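Student: Residue numbers (this note's numbering): 120 to 432.
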Amino acid sequence: MAELAVDKHVKYILAVEKNKDSFESVVMDPLRMNGAYWGLTALDLLGKLDSVNVDEVISWILKCQHESGGFSGNIGHDPHILYTLSAVQVLALFNKLDVLDIDKVATYITRLQNEDGSFSGDMWGEVDTRFSYIAICCLSILCCLGKINVEKAVSYILSCKNLDGGFGCTPGGESHAGQIFCCVGALALTGSLHYVDKDLLGWWLCERQVKSGGLNGRPEKLPDVCYSWWVLSSLIMIDRVHWIDKEKLVKFILDCQDVENGGISDRPDDAVDVYHTYFGVAGLSLLNYPGLKAIDPAYALPVDVVNRIFFSG
Ligand code: GRG
Ligand code: ZN
C-alpha cells in the first residue's frame, strides 16, 4: 500500500498558503480564514507548523476582526460565526489566544443565540446546527460557555434529531454526516452525549462505508475523503469506531493522494485541494496513522493544543 507522502503534502500546503495569487487562492479568497484553519491544522498534524511565519498570520487574522468582535473570511469582508471559529482555532494552534479580547469575541457569539436556543450564522439570521456547534466549540475554547443558554442550545440540537438516529440542519432536515458531526460534537462538548442513541446512530454512520473503503455522507451518495472526518469523528465520540473497516478506509484516503505534487482529493484521481488535504490527514490521524499528531474529534484541533488550553495554568 502507498504511504502518506508527508513531505509532498507539507510542500503543497505551504505553496497554497504563500501563493496568494494562485487560482485556488483567488477562488477561495472570501473563505481564506477557513483555508488558513484547514492548511495550518494539517501542517500541525504533520509536525510542520514551525515552517510558517507566525507574526504574519496573527497580524492578518487581527485585520479580519470587526468592531462587533466577529471575524470575516478575509480583510474587508463581513464577519460570520464560521470565520470566527476558524480565527480562534488558528490562534489556539499558535498558542496566541492572549492577543484576543476574549469578552468581545464571546459577546459576538452570544448575541447570535435565538430564543429557541438555536444560533444564527451572522446578523442576517440563517439558522443551522452548524452554527450551534461553532458557537459551542468557540465558547468552550474561550472558556465562556456559561455566557449562553446551554440547556436551550442542547434542546434545539435534540429537536433536529431524526428517527434514523442522525441529525439535520434544522428540525425535520435530512440526516447528513456533516450535520451529525456538528450535533454530536456540540453534545460532546456540553456533556450531553447521553441523549444520543449510540447504537442506532452508530449503525447509520458505519453504513456510510462503501466497497472501496471510503465513506459517503448519506445513503446512495459517492464516497468522499472529507467524510473520513465527519463520519469517523462522530463514531469516535459515540464509541462505535470499531464498527467500520479502518484498514480499508486508510487505503481509500491514501489512494486519493497526489504522490507527485502533494495534496489529497475527494476521490481517487480527482484534483487535490487544501480542504480535502486537511480532512484526509485529519482522518488518518483519527485512524492512528503512524507519525501524525493525534486530533481531538470534538474540537477538531490537535490533542496537545486542546490540552494546552485546558491544562496549562
Ligand atoms: C471545525 C471541522 C470544523 C467544522 C466547523 C462548518 C462546520 C463546522 C461544519 C460543516 C458540516 C457540514 C455540513 C459538512 C458537510 C460538507 C459537505 C461535503 C457537503 C456536501 O453535501 P452534498 O449534498 O454532497 O453536496 P454529498 O456528499 O451528500 O453528495
Ligand atoms: Zn468532500
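C-beta atoms are modelled at their ideal positions from N, C-alpha and C, and glycine is treated no differently. Remember, it's a predicted structure, so these values are computed and weren't measured experimentally.
By DSSP, does Val146 sit in helix, in strand, or in coil?
Tutor: Any answer about Val146 is weak, because its pLDDT of 49 lies below 50 and its placement is not dependable; what the coordinates show is given next. Residue state, collapsed to three classes: helix.
Student: Sorted by chain position, which residues of the same chain lie with C-beta nearer than 6 Å to Glu293's C-beta, five sequence neighbours on each side aside?
Tutor: Excluding positions up to five away in sequence, the list reads Gly287.
Student: Using only the alpha-carbon positions, how far apart do Ser259 and Gly381 sit?
Tutor: 34 Å
Student: Just to be sure I understand the criterion: a residue counts if its Cβ is closer than 5 Å to at least one heavy atom of the ligand ZN. Which residues meet that?
Tutor: Asp343, Cys345 and Asp385
Student: Alpha carbons only, please: which of Asp374, Ile299, Val393 and Asp392 is nearest the one belonging to Val350?
Tutor: Ile299
Student: Residues bridged to Leu334 by DSSP?
Tutor: Gln328
Student: Alpha carbon to alpha carbon, how far is Ser205 from Asn153?
Tutor: About 6 Å.
Student: Cβ of Cys279 within 8 Å of any heavy atom in the ligand GRG?
Tutor: Not so, every heavy atom of the ligand GRG lies at least 8 Å from the Cβ.
Student: Can you tell me the Cβ-Cβ gap for Val344 and Ile363, rounded? I've got them flagged as a contact below 8 Å.
Tutor: So it is not a contact: roughly 15 Å between Cβ atoms.
Student: If you drop the 5 nearest sequence neighbours on each side, which residues of the same chain put their C-beta closer than 7 Å to that of Ile132?
Tutor: Gly158, Ala161, Leu162, Val393 and Thr396
Student: Rounded to the nearest angstrom, what separates Trp179 and Ile383 at their Cα positions?
Tutor: Taking the straight line joining both Cα atoms gives about 26 Å.
Student: So, for Asp217: in the same chain, excluding its five sequence neighbours on each side, which residues have a beta-carbon less than 7 Å away from its beta-carbon?
Tutor: Closer than 7 Å at the Cβ level, and outside the excluded window around Asp217, lies no residue.
Student: Pick out the complete alpha helix (DSSP H) segments inside the stretch 385-413, 4 residues or longer, and give them in chain order.
Tutor: Within the stretch 385-413, the complete alpha helix (DSSP H) runs of at least 4 residues are 393-405.
Student: Any idea what DSSP makes of Ser344, helix, strand or coil?
Tutor: Residue identity differs from the one stated: residue 344 is Val in this sequence, not Ser. In the structure shown, Val344 sits in coil (DSSP, three-state: anything other than H, G, I, E or B).
Student: Check this for me: beta carbons of Arg151 and Asn214, under 9 Å apart or not?
Tutor: When the beta-carbon positions are compared, Arg151 and Asn214 stay at least 9 Å from each other.
Student: Please confirm whether Gly240 and Arg249 have their CB atoms less than 9 Å apart.
Tutor: yes
Student: Taking 9 Å as the cut-off, decide whether the C-beta atoms of Gly284 and Trp323 are in contact.
Tutor: yes
Student: Going straight from the alpha carbon of Glu122 to that of Gly166, what length do you get?
Tutor: Approximately 16 Å between the Cα atoms of the pair.
Student: The alpha helix (DSSP H) spanning Val176 covers which residue range?
Tutor: Start and end: Val173 to Lys182.
Student: Is the beta carbon of Arg151 within less than 8 Å of some heavy atom of the ligand GRG?
Tutor: no
Student: Under a three-way DSSP split, which group does Ile383 fall into?
Tutor: If DSSP states are grouped into helix, strand and coil, Ile383 belongs with the strands.
Student: Got a sec: does the ligand GRG put a non-hydrogen atom nearer than 8 Å to the Cβ of His199?
Tutor: no
Student: Determine the direct distance from the alpha carbon of Phe190 to that of Cys183, and round the result to whole angstroms.
Tutor: 5 Å
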